[in-house]
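One structure is given below, encoded as structure tokens.
Number of protein chains: 2
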Amino acid sequence: MTKSAAILVIGDEILSGRTQDTNSGHIARVLGALGIDLREIRVVGDVEAEIVAALNALRGTWDLVFTTGGIGPTHDDITADAVARAFGVDIGYHPEAYRMLEARYQPGEFNDARKRMARIPHGAALIANPVSVAPGFHIANVYVMAGVPMVMRAMLEEIVPQLPRGAPSIAVTIEAAVPEGTVAEGLAAIQKAEKDVAIGSYPFYRDSGQGSPALGVQLVARGRDADAVERTAAAIEAMLRDLGAAPQRIKQVVPGTHA
Amino acid sequence: MTKSAAILVIGDEILSGRTQDTNSGHIARVLGALGIDLREIRVVGDVEAEIVAALNALRGTWDLVFTTGGIGPTHDDITADAVARAFGVDIGYHPEAYRMLEARYQPGEFNDARKRMARIPHGAALIANPVSVAPGFHIANVYVMAGVPMVMRAMLEEIVPQLPRGAPSIAVTIEAAVPEGTVAEGLAAIQKAEKDVAIGSYPFYRDSGQGSPALGVQLVARGRDADAVERTAAAIEAMLRDLGAAPQRIKQVVPGTHA
Chain A
0 MTKSAAILVI GDEILSGRTQ DTNSGHIARV LGALGIDLRE IRVVGDVEAE
50 IVAALNALRG TWDLVFTTGG IGPTHDDITA DAVARAFGVD IGYHPEAYRM
100 LEARYQPGEF NDARKRMARI PHGAALIANP VSVAPGFHIA NVYVMAGVPM
150 VMRAMLEEIV PQLPRGAPSI AVTIEAAVPE GTVAEGLAAI QKAEKDVAIG
200 SYPFYRDSGQ GSPALGVQLV ARGRDADAVE RTAAAIEAML RDLGAAPQRI
250 KQVVPGTHA
Chain B
0 MTKSAAILVI GDEILSGRTQ DTNSGHIARV LGALGIDLRE IRVVGDVEAE
50 IVAALNALRG TWDLVFTTGG IGPTHDDITA DAVARAFGVD IGYHPEAYRM
100 LEARYQPGEF NDARKRMARI PHGAALIANP VSVAPGFHIA NVYVMAGVPM
150 VMRAMLEEIV PQLPRGAPSI AVTIEAAVPE GTVAEGLAAI QKAEKDVAIG
200 SYPFYRDSGQ GSPALGVQLV ARGRDADAVE RTAAAIEAML RDLGAAPQRI
250 KQVVPGTHA
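The following block contains the structure:
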């Protein structure tokens, strides 16, 4: 049974446009390789009530929820408290987290702000942080990770062995220098014949034409049945050739990799 | 009265990790310059029921909603139908959209798929598309735009003159080569004294140290009251100097620009 997932990105810096969220794309690709269906992403600011509401909506709707951001030492890091409130559990220093953090700092440096990073909702299990020690945590179907990409990625690697596996999706991308509107009808017919494959159509306009078309479309056939995906891809290529185009397979995502 | 806003990003390609959503960041910065508060972003796939549910939640909660994606000619472009369903209105060819699209194509090229791009929910006003003709549309507090970044940006420029204005936020960013945990307590005290300024703290780890610190923190003071923001920034700089650090202002967002 394929599991569904959502990501909750927490932080004013995403909503202000200061920071480009790249964590979601990384998590998306890792989940895809594991055969987990990412179904929704939400971004909310550093506002406890909004974090609580979004987390409760997502954890009630999807099998797994991954959060990023808001677990540092500063006043704007309120994710752990919000998660505790969402679950209706207490929060306090986690003995193991406290010990790890205490051991990390020189005497006198383990101040109250840094101790905040040991505050973990009751009943949660720690997620190791091999980069900067301060842990994430896991409670029920929710995985709480850091927002700094290097730290988030390391935490996700720690989580991966615990996550459920499904049949990974296979995606074949075919590019051609034709306008999207010329392929739409043929594509719809292929889609109708292949119910278990999702066909996506993504037009592009490129500034420079260094050997590659300046206008064209990328067509993606994605699904869990390798034969059906290949049959769909071949049908798309045949359709493009019938239109006089020269289709190119530009990327093939191999299941089981994190690429 | 400051208006609130949300973005609804529509497309399987974001949830699969195939495409990095950069539209949200661009919209965020434009809204910030207009003095509109972006409060939430959601990403959903090409599933009508999910688009409808997300759109109805967002348009009921926030003053303005901006959607991106799903308005092209192919079978996976279902945004216009989903918006019509969310509002409970009919959808059909919009005469002006139909004429514009018909004029764009050579005789025989204006096929059924391309005609799909003229299907607009009843009661909606068109948003011009100076890049590739096929329009977006605006219905009540919802603005429906393309997903291709070049087209989305052009549509947003068309919309900007119609949008409400508020007092834009001013953000001052101060960087220092100190770990976040050493500034957290001083920062919390400054935040406590400045209720109308939001202080964000963003640690970073950089691979290479070409003249810039490999580990440090960026502190952002953001608010609508220029004096309060400047006072907060000066307090942060003084606090950093007291810690023996050399604070640097690295970016000052000037209100009214789209930078």
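Residue numbers (numbering that gives the first Met the number 0), protein chains in the order written: chain A, 0 to 258; chain B, 0 to 258.
Here a beta-carbon is modelled for each residue, glycine too, at the ideal position from N, C-alpha and C.
All figures in this text were calculated on a predicted structure; none of them were measured in a lab.
Checking the DSSP bridge columns, you'll see A:S23 has no partner listed. Beyond the five residues adjoining it in sequence on each side, B:P120 comes within less than 8 Å, by CB distance, of A79, V82, A83, F86, V88, D89, I90, F136 and I138 in the same chain, given in chain order. The three-state reading of DSSP puts B:F109 in coil, since its state is none of H, G, I, E or B. Residue ranges of uninterrupted beta strand (DSSP E) with 3 or more members, entirely inside the segment 128-204 of chain A and ordered along the chain, are 135-138, 141-144, 169-175 and 197-204.
Look at B:P129: its C-beta is not under 8 Å from any C-beta on chain A. The contact set of B:A27 on chain A, defined by CB atoms closer than 8 Å, consists of I13, L14, S15 and G16 in chain order. Going by beta carbons, B:R17 and A:V177 fall outside the 8 Å limit.
Beta-bridge analysis with DSSP links A:A124 to A:H137. For A:A188, the closest alpha carbon among the candidates B:E157, B:A183 and B:D111 is that of B:D111. For A:I9, the uninterrupted beta strand (DSSP E) segment begins and ends at S3 to I9. Taking a Cβ-Cβ threshold of 7 Å, the residues of chain A close to B:A197 are D11, in chain order. At a Cβ-Cβ threshold of 8 Å, A:S15 and A:I40 do not count as neighbours.
In the same chain as B:P129, and ignoring 5 residues on each side of it, the C-beta atoms closer than 6 Å to its own belong to A153, in chain order. Along the segment 83-111 of chain A, going in chain order, the ones with a CB nearer than 9 Å to a CB of chain B are Y104, E108, F109, N110 and D111. Contact between the segment 45-59 of chain B and the segment 161-172 of chain A is absent: fewer than three C-beta pairs spanning the two stretches fall below 8 Å.
Between A:L33 and A:I6, the alpha-carbon positions lie close to 15 Å from each other.
At a cut-off of 8 Å between C-beta atoms, A:A123 does not count as an interface residue with respect to chain B. Apart from sequence neighbours up to five positions away, no residue of its chain approaches B:Q105 with a beta-carbon distance below 6 Å. Inside the segment 67-95 of chain A, DSSP marks whole alpha helix (DSSP H) runs of 4 or more residues at positions 78-86, from first to last along the chain. The beta-bridge partner set that DSSP reports for B:V42 consists of A:I40 and B:V8. Between A:D75 and B:I169, the C-beta gap is not smaller than 8 Å, which leaves the two residues out of contact.
Residues of the same chain with a CB within less than 6 Å of the CB of A:A117, apart from the 5 flanking positions on each side, are Y92, H93, A96, Y97 and L100 in chain order.
Taking a C-beta distance under 8 Å as the contact criterion, A:L155 and A:V29 qualify as a contact pair. Here B:E236 is buried. Its C-beta has 16 or more other C-beta atoms within 10 Å. Using beta-carbon distances, B:E174 does not count as an interface residue toward chain A, since no partner is under 8 Å. Here B:M0 is exposed. Its C-beta has fewer than 16 other C-beta atoms within 10 Å. A:V182 is a Cβ neighbour of A:L239, given a cutoff of 8 Å. Residue state for A:L63 is assigned as strand, using DSSP reduced to three classes.
Shown here for A:I77: same chain residues with a beta carbon closer than 8 Å to its own, the five before and five after excluded, namely D45, E47, I50 and G69 in chain order. If you draw a straight line from the Cα of A:I35 to the Cα of A:Y204, it is about 31 Å long. Here DSSP, grouped into helix, strand and coil, assigns A:G215 to strand. Contact between A:P72 and A:R115 is confirmed by a C-beta separation of about 5 Å, below the 8 Å threshold. Listed along the chain, the chain A residues whose CB falls inside 9 Å of the CB of B:S200 are G71, P72, T73, H74, D75 and D76. Considering only beta carbons, the part of the segment 49-73 of chain A lying closer than 9 Å to chain B consists of E49, A53, A56, G71, P72 and T73, in chain order. When rounded, the separation of the alpha-carbon atoms in B:I249 and B:V216 is 12 Å.
Of the candidates A:V132, A:T66, A:Y142 and A:T231, the residue whose Cα lies closest to the Cα of A:A123 is A:Y142.
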